[in-house]
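**Student:** The structure is given below, and queries will be raised subsequently.
Number of protein chains: 2
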Amino acid sequence: MPTPLYQLKAEFFKSLGHPVRVRVLELLSVREHAVGEMLTQVGVEPANLSQQLAVLRRAGLVSSRRDGAVVHYRLTSEQVAELLAVARNILTTVLAGNVELLEDLRADDPGT
Amino acid sequence: MPTPLYQLKAEFFKSLGHPVRVRVLELLSVREHAVGEMLTQVGVEPANLSQQLAVLRRAGLVSSRRDGAVVHYRLTSEQVAELLAVARNILTTVLAGNVELLEDLRADDPGT
DNA sequence: ATGCAATTATGAAACTCTGCAATGAACAAC
DNA sequence: GTTGTTCATTGCAGAGTTTCATAATTGCAT
């Protein structure tokens, strides 16, 4: 298997590796959103949000459409919502594992 | 929704955002692998591979087990394989979109 | 023209990556 | 038991990226 393919896949995941970008994708998983709408939900500077949106656009994950003064964003594929769902499941599993660890730690009295 | 949750999700995706780490996860999607095995498949310095494995371990995506001199790695959850599959699908969609763009470009003769 | 929405430009701080050197862990040979 | 070897991990430092704020710019409507 060619190396550049792994590079491509890695770039793909990198584009998801930012809290604002994750938040945006979750908003867009529900429905199309205007930039202004997202601004109030996400709570970052407009310029910052634009930069993160640009990353998602370059990755091909979202597309934008201008309607008068406002710009609307949407997912390019519903599969992105599915990806986020699977990721959430894994995170749940992993964190559940950590909770067990914490309980083990609590039960592990060093004094006895 | 609390901000640290998005931070957590972002960290999760970040841990997938490196070609070596993607490659490792794909190998482990098939079956458990020893570090030495992966070394020959991935083609990076041992120290480098160890670092990438450490990232995956800290993220809770893989677990390791020592068997004599060699260390074996496995996925902590089969769901990781599913995640990679969904990602591959999205990437296919996105790249197909790009191919169309390229064809459009080719058909777009600026001379006429 | 003026104002509002969104994007782009730029630069400083923070973080990631990777090779090299050093360290640790298991095991065989002596 | 300790010496030598192999397998794997950790520490460190430089080079390279990413992030985010401020400032400047573009696009559209009034």
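Those protein sequences? They're chains A and B, same order as listed. Residue numbering for the first sequence follows my numbering, beginning at -6 and increasing consecutively. Residue numbering for the second sequence follows my numbering, beginning at -6 and increasing consecutively. Backbone N, C-alpha and C fix where the C-beta goes; we use that ideal spot for every residue, glycine too. Here the structure is a predicted model, which means the values were calculated and not measured.
Does the beta carbon of N41 of chain B sit closer than 8 Å to a beta carbon anywhere in chain A?
**Tutor:** Residue 41 of chain B sits at position 48 when you count from the first residue of the second sequence. By this cut-off, N41 of chain B is not an interface position.
**Student:** Under a three-way DSSP split, which group does Q34 of chain B fall into?
**Tutor:** Within the second sequence, the letter at position 41 stands for residue 34 of chain B. Of the three classes helix, strand and coil, the one that applies to Q34 of chain B here is helix, per DSSP.
**Student:** Using the Cβ count rule (16 or more neighbours within 10 Å means buried), how would you classify V23 of chain A?
**Tutor:** By one-based count along the first sequence, residue 23 of chain A stands at place 30. So V23 of chain A ends up on the exposed side.
**Student:** Have a look at R16 of chain B and A62 of chain A and give me their C-alpha separation to the nearest angstrom.
**Tutor:** For the purposes of this step, residue 16 of chain B is identified with residue 23 of the second sequence, where counting begins at 1. For the purposes of this step, residue 62 of chain A is identified with residue 69 of the first sequence, where counting begins at 1. Their backbone Cα atoms lie some 44 Å apart in a straight line.
**Student:** When you compare the CB positions of F5 of chain A and A80 of chain A, do they come within less than 8 Å of one another, or not?
**Tutor:** The residue labelled residue 5 of chain A in the question sits at position 12 within the first sequence. The residue labelled residue 80 of chain A in the question sits at position 87 within the first sequence. No, these two residues do not count as a Cβ contact at 8 Å.
**Student:** Taking the alpha-carbon positions, what's the Y(-1) of chain A to V13 of chain B distance?
**Tutor:** One-based indexing of the first sequence puts residue -1 of chain A at position 6. One-based indexing of the second sequence puts residue 13 of chain B at position 20. Rounded to the nearest angstrom, the two C-alpha atoms are 8 Å apart.
**Student:** With contact counted as at least three CB pairs below 8 Å, one residue from each stretch, are the region 69 to 88 of chain A and the region 72 to 87 of chain B in contact?
**Tutor:** Taking 8 Å as the limit for Cβ pairs, the verdict is that the region 72 to 87 of chain B does touch the region 69 to 88 of chain A.
**Student:** With 16 other CB atoms within 10 Å as the buried threshold, where does L21 of chain A fall?
**Tutor:** Numbered from 1 along the first sequence, position 28 holds the residue referred to as residue 21 of chain A. Classification of L21 of chain A: buried, given that the 10 Å Cβ count is 16 or more.
**Student:** Buried or exposed: where does V48 of chain B fall if 16 or more other Cβ atoms within 10 Å of its Cβ makes it buried?
**Tutor:** Residue numbering aside, residue 48 of chain B sits at position 55 when the second sequence is read from its first letter. Classification for V48 of chain B: buried.
**Student:** To the nearest angstrom, how far is the alpha carbon of S8 of chain B from that of L88 of chain B?
**Tutor:** Taking the first residue of the second sequence as 1, we reach residue 8 of chain B at position 15. Taking the first residue of the second sequence as 1, we reach residue 88 of chain B at position 95. S8 of chain B and L88 of chain B: Cα-Cα distance of roughly 23 Å.
**Student:** Who are the Cβ neighbours of R50 of chain B in its own chain at under 6 Å, not counting the five residues just before and after it?
**Tutor:** Looking up residue 50 of chain B in the second sequence gives position 57. Closer than 6 Å at the Cβ level, and outside the excluded window around R50 of chain B, lies no residue.
**Student:** Starting from H11 of chain A, find everything on chain B with Cβ-Cβ shorter than 7 Å and list it in chain order.
**Tutor:** Counting from one through the first sequence, the residue named residue 11 of chain A turns up at place 18. In chain order: A3.
**Student:** So G10 of chain A and G10 of chain B are in contact, right, with Cβ under 8 Å, and what is the actual spacing, rounded?
**Tutor:** Taking the first residue of the first sequence as position 1, residue 10 of chain A is located at position 17. Taking the first residue of the second sequence as position 1, residue 10 of chain B is located at position 17. The Cβ separation is near 5 Å, so the contact holds.
**Student:** How many whole angstroms separate the CB atoms of S70 of chain A and T86 of chain B, which I take to be in contact at a CB cut-off of 8 Å?
**Tutor:** Translated into positions along the first sequence, residue 70 of chain A becomes position 77. Translated into positions along the second sequence, residue 86 of chain B becomes position 93. At roughly 5 Å, the Cβ-Cβ gap stays under 8 Å, so S70 of chain A and T86 of chain B are in contact.
**Student:** Please state the DSSP three-state secondary structure of S57 of chain B.
**Tutor:** Translated into positions along the second sequence, residue 57 of chain B becomes position 64. Strand, per DSSP.
**Student:** Which one of B:D60, B:V55, B:R59 has the shortest CA to CA distance from R67 of chain B?
**Tutor:** For the purposes of this step, residue 67 of chain B is taken as residue 74 along the second sequence, with counting starting at 1. The candidate whose alpha carbon is nearest that of R67 of chain B is B:V55.
**Student:** Give the secondary structure of R67 of chain A by DSSP, where H, G and I count as helix, E and B as strand, and everything else as coil.
**Tutor:** Position 74 of the first sequence, counted from the start, is the residue given in the question as residue 67 of chain A. In the structure shown, R67 of chain A sits in a strand (DSSP, three-state: E or B).
**Student:** With H, G and I counted as helix, E and B as strand and the rest as coil, what does DSSP make of A74 of chain B?
**Tutor:** Along the second sequence, read from residue 1 onward, the residue named residue 74 of chain B stands at position 81. If DSSP states are grouped into helix, strand and coil, A74 of chain B belongs with the helices.
**Student:** Taking 8 Å as the CB-CB cut-off, is A80 of chain A touching chain B?
**Tutor:** Within the first sequence, numbered from 1, the residue matching residue 80 of chain A stands at position 87. With 8 Å as the cut-off, A80 of chain A counts as an interface residue toward chain B.
**Student:** Where H26 of chain B and N91 of chain B are concerned, what is the direct C-alpha to C-alpha distance, given to the nearest angstrom?
**Tutor:** One-based indexing of the second sequence puts residue 26 of chain B at position 33. One-based indexing of the second sequence puts residue 91 of chain B at position 98. Roughly 35 Å between the two C-alpha positions.
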